[in-house]
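Visitor:
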Amino acid sequence: MDVPEPVELLQRLIRVDTTNPPGNEAELVGYLDGILRDAGVSTTLVESAPGRVNLIARVPGRGAASPLLMQGHLDVVPVSDHGWTHPPFSGEIADGFVWGRGALDMKSGVVMMLVALLRTLSEGTQPPGDVVLALLADEEAGGDRGAKYLVENRPELFDGVKYAIGEFGGFTMEIAGRRFYPIQVAEKQICRIRATLRAPGGHGSLARPGGVTARLAEVLRRLDRRRLPVHVTPVVRTMIEAIAAELPAPAGRVARLLLRPALTGRMLAAAGEIGLTLAPMFSHTATPNIVSASGGAVNVRPTEAQIDLDGRLLPGFRPADLLAELTALLGDDVELDVFRYDPVEMEPNLELFDTLASVLREHDPSGTPVPLLMPASTDGRFFAQLGIQTYGFTPMTLPTSMAFSSLVHGVDERIPVEAVEFGTSCVTSLLTRFR
Ligand SMILES: [Zn+2]
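Each residue of the sequence shown is one higher than the one before, counting from 1 in full-length UniProt numbering.
(1) Could you check whether the segment 132 to 148 touches the segment 41 to 53, counting it as contact only if at least three pairs of C-beta atoms, one from each stretch, sit closer than 8 Å?
(2) Starting from C191, follow its DSSP beta bridges and name the residues at the other end.
(3) What do you reckon, are the CB atoms on G109 and E167 nearer than 7 Å?
(4) Does DSSP classify L352 as helix, strand or coil?
(5) State buried or exposed for D354, treating a residue as buried only when at least 16 other CB atoms are found within 10 Å of its CB.
(6) Within the same chain, show all residues whose beta-carbon is closer than 6 Å to that of A419, passing over the 5 residues directly before and after it, in chain order.
(7) Going by C-alpha to C-alpha distance, which of S122, G169, N24, G129 sits closest to T390?
(8) Using the three-state DSSP reduction, which class does L74 fall into: helix, strand or coil?
(9) Mind checking whether R178 and T172 have CB atoms under 7 Å apart?
(10) Please enumerate, following chain order, all residues with a beta carbon closer than 5 Å to at least one heavy atom belonging to ligand 1.
(11) By Cβ distance, which residues of its chain are closer than 6 Å to R145, with the 5 residues on each side in sequence left out?
(12) If we ignore side chains and look at the alpha-carbon of each, how far apart do residue 436 and D105 end up?
(13) Are there three or more Cβ pairs, one per stretch, closer than 8 Å when the segment 283 to 295 is compared with the segment 309 to 319?
(14) Can you confirm whether the segment 359 to 372 touches the segment 326 to 345 when touching is taken to mean that 3 or more C-beta pairs between the two stretches lie within less than 8 Å?
(15) Curious, which full-length alpha helix (DSSP H) runs of at least 4 residues does the segment 129 to 164 contain?
(16) Confirm, please, whether the CB-CB distance from A293 to residue 440 is below 7 Å.
(17) At which residues does the beta strand (DSSP E) containing T287 begin and terminate?
(18) Please tell me whether F97 and R301 are closer than 7 Å, where the distance is taken between their beta carbons.
(19) Who are E335's beta bridge partners in DSSP?
(20) To the nearest angstrom, how far is it from the Cα of T428 to the Cα of R361?
(21) Suppose you measure from the CA of P250 to the CA of Q184; what does that come to, to the nearest Å?
(22) So, with DSSP's three-state summary, where would you put M267?
(23) Hey, H284 and L228: beta-carbon distance below 7 Å or not?
(24) Please report the Cβ distance between S90 and G100, rounded to the nearest whole angstrom; I am assuming they are in contact, meaning their Cβ atoms lie under 8 Å.
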């Protein structure tokens with residue numbers, strides 16, 4: 001069997017434009033389906049809408065473990081900015097990196113999973129349990145044509161699965177000179193809220209102070225200046241304690257102060273860039289991303305303004321909790337309506353964490369794996385509805401200077417060439433030993 005080289009395969013995947021919208025994952029699925037069929041793997045293609053295809057393959061294990069799902073999405077976010085050093089769909093290799101949209105999020109992860117599976121088969125090793133590979137459409141636009149569709153319409157494809165690997169995790173994070181590998185074990189819940197403000201309107205020539213636009217400005221300023229209350233959730237406690245235990249004594253003590261809600265805000269503010277990364281793990285957030293107010297003409301004072309807030313709830317909380325905090329912050333004249341809520345009701349299950357951590361330690365003894373609460377959402381939330389625990393496990397050792405979070409969905413998205421092989425060999429190890 002011809003197992004593709006991970007880096008070459010990644011280049012090919014980047015060159016197939018799966019920008020979502022519209023996604024058009026069908027062409028890429030066709031290509032990957034060919035590779036799997038050539039390797040003797042039978043696949044199921046599920047078309048959720050024209051051009052929107054998901055691929056699922058189940059490789060039988062030897063029955064010593066429950067099936068493991070490897071789920072990765074094939075779509076990527078649009079390239080809105082110019083200024084790429086190398087064209088975003090070129091998949092070029094330069095300066096030790098593979099460049100292009102999807103290099104991190106998450107065509108590299110798809111490559112790791114697919115090549116790991118093919119390597120395992122070509123070595124004639126039967127994995128401990130079935131391995132289910134799901135290559136998914138539509139993650140970046142909400143998953144309605146991808147994971148959500150499959151969970152609602154084809155749940156039998158995931159029969160018996162308890163654990164999954166997916167995005168995000170296993171990439172390096174440097175804290176106080178130490179290297180950590182956060183592994184996502186939980187994620188925040190999407191809770192989108194429309195805030196409506198009202199005030200009397202009137203003729204634009206009557207320049208009265210106040211009015212709805214002034215109130216809008218106050219609300220936006222308050223959202224920018226104030227952080228919502230701190231909640232220390234069990235996953236974040238475990239994460240911070242694991243990090244603190246690895247840091248030299250003074251830094252470790254300082255890190256533990258993050259777990260005291262009265263001090264958390266100040267500690268985060270003092271921690272610079274890493275504080276900004278950690279902050280959303282300690283509170284709900286609501287970011288005003290669409291703002292509108294119009295009287296319909298420039299000489300009409302508007303009577304209404306709207307703000308669409310990208311709300312993210314910590315695990316274990318409900319929309320009412322966030323609404324109450326926002327009302328306390330903004331005042332009760334602001335009407336708040338939830339227009340999308342994607343609950344994640346499953347308690348994080350850490351049973352597979354130690355196995356994943358041991359794989360990472362073997363491949364990089366200098367790094368410490370720690371559990372991570374993901375401030376954003378992944379397809380993991382849909383699989384959780386089937387009782388499946390997803391772990392973020394697309395291992396990558398990244399240069400200290402590389403800011404993962406600014407490159408994902410950003411300009412010059414790229415991955416070190418060695419990281420692609422590193423992740424592939426970690427996932428291959430996992431396939432011989434998951435329990
Ligand atoms: Zn992604």
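For every residue, glycine included, the Cβ atom is placed at its ideal position computed from N, Cα and C. Predicted, not measured: the structure shown is a model, and the values here were computed from it.
Guide: Taking the geometry as given:
(1) yes
(2) When DSSP reads this structure, C191 sits in a beta bridge with Y341.
(3) yes
(4) coil
(5) The Cβ neighbour count for D354, taken over all protein chains shown within 10 Å, is under 16; the residue is labelled exposed.
(6) Cβ within range, chain order: M396, T397.
(7) Ranking S122, G169, N24, G129 by CA distance to the CA of T390 puts G169 first.
(8) coil
(9) no
(10) D105, M106, E167
(11) S48, A49, R52, A137, D138
(12) This structure cannot speak to residue 436, because the chain is shown only from 1 to 435.
(13) With a cut-off of 8 Å, the segment 309 to 319 and the segment 283 to 295 count as touching, because enough Cβ pairs lie within range.
(14) no
(15) Given a length threshold of 4 residues, each whole run of the alpha helix (DSSP H) inside the segment 129 to 164 is given here in chain order: 147 to 153.
(16) Residue 440 is absent from the structure shown; the chain starts at 1 and stops at 435.
(17) 285 to 293
(18) no
(19) T196
(20) 14 Å
(21) Pairing P250 with Q184, the inter-Cα distance amounts to about 27 Å.
(22) helix
(23) yes
(24) 6 Å
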